[in-house]
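Numbering (UniProt numbering), first residue to last: 1 to 136. Each residue gets a CB set at the ideal place from its N, CA and C atoms; glycine is no exception. The model shown is predicted, which means the values in this text are computed figures rather than measured ones. As structure tokens, the structure follows; a few thoughts come after it.
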Ligand code: HEM
């Protein structure tokens, strides 16, 4: 099958996912690699495993040569209807326990951590001073 300018949905591409009929979706283009399965240097299993989805990452991860990329034209049958590919879900931050945005209490705690030892020190000096003067 050659020279297709047909637009397929992901569901249509997914319908061709076996050894006798194997289509791949790579970079928005649809390839019928059925005849190439046995000749693929990476084996047929990887190609079959890459069916029914956007195989662009799988294809790129292997680091295919320019020769491999040139071969693709031969198997090109059409393009993908991009609206049929599920888009990545928007990032939703994980639910966190209540976060104290108001730093006032933190600030008060820090001041107290600093003041309380000072207070104790002052008290100790006060007591010492008092006991000294009273006994003198
Ligand atoms: C129309 C699509 C594809 C064509 C024409 C193609 C062609 C080739 C060619 C010519 C090679 C030999 C090495 C090179 O020249 O880069 C190769 C290797 C390989 N390909 Fe593909 N390939 C296709 C799709 C895929 C996909 C979707 C996968 C999925 C993972 C894949 C996995 C591999 C692996 C694992 C190797 C072996 C790499 C190695 O052993 O060095 N290929 N392919």
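Could you check whether the Cβ of residue 40 sits closer than 7 Å to any heavy atom belonging to the ligand HEM? Residue 40 sits at position 40 when you count from the first residue of the chain shown. Flag set: Cβ of residue 40 near the ligand HEM.
Nearest residue (CA-CA) to residue 20, options 67, 7 and 45: Position 20 of the chain shown, counted from the first residue, corresponds to residue 20. The option with the nearest alpha carbon to residue 20 is 45.
To the nearest angstrom, how far is it from the Cα of residue 83 to the Cα of residue 9? Working through the chain shown from its first residue, we reach residue 83 at position 83. Working through the chain shown from its first residue, we reach residue 9 at position 9. So the alpha carbons of these two residues sit roughly 8 Å apart.
Check this for me: beta carbons of residue 98 and residue 31, under 8 Å apart or not? Walking along the chain shown from the start, residue 98 turns up at place 98. Walking along the chain shown from the start, residue 31 turns up at place 31. Not closer than 8 Å, so no.
Strictly by DSSP, which residues pair up with residue 21? Locating residue 21 in the chain shown gives position 21, where the first residue counts as 1. In DSSP, residue 21 forms a bridge with 18.
What does a CB cutoff of less than 7 Å around residue 37 pick up in its chain, not counting 5 residues either side in sequence? Locating residue 37 in the chain shown gives position 37, counting from the first residue. Counting only Cβ-Cβ distances below 7 Å, and skipping sequence neighbours, we find 19, 22, 44 and 47.
Residues that DSSP places opposite residue 88 in a beta bridge: Position 88 of the chain shown, counted from the first residue, corresponds to residue 88. In DSSP, residue 88 forms no bridge with anything.
Could you check whether the Cβ of residue 126 sits closer than 8 Å to any Cβ belonging to chain B? Chain labels in this structure do not include chain B; a single protein chain is all it has.
Below 8 Å between beta carbons: does that hold for residue 51 and residue 5? If you number the chain shown from 1, residue 51 lands on position 51. If you number the chain shown from 1, residue 5 lands on position 5. Going by C-beta atoms, residue 51 is not nearer than 8 Å to residue 5.
Uninterrupted beta strand (DSSP E) stretches inside the UniProt domain "Cytochrome b5 heme-binding" (5-81) (no shorter than 3 residues): 6-8, 21-26, 29-32 and 76-80
Under a three-way DSSP split, which group does residue 120 fall into? Here the question's residue 120 lines up with position 120 in the chain shown. DSSP places residue 120 in the helix class (H, G or I) of the three-state scheme.
With a CB to CB cut of under 6 Å and the five nearest residues on each side skipped, what residues in its chain are close to residue 34? As a working note, residue 34 is residue 34 in the chain shown. Hits under 6 Å: 21 and 22.
Look at residue 81 and residue 7 and say whether their C-beta atoms are less than 8 Å apart. If you number the chain shown from 1, residue 81 lands on position 81. If you number the chain shown from 1, residue 7 lands on position 7. Their beta carbons are under 8 Å apart, which means residue 81 touches residue 7 by this criterion.
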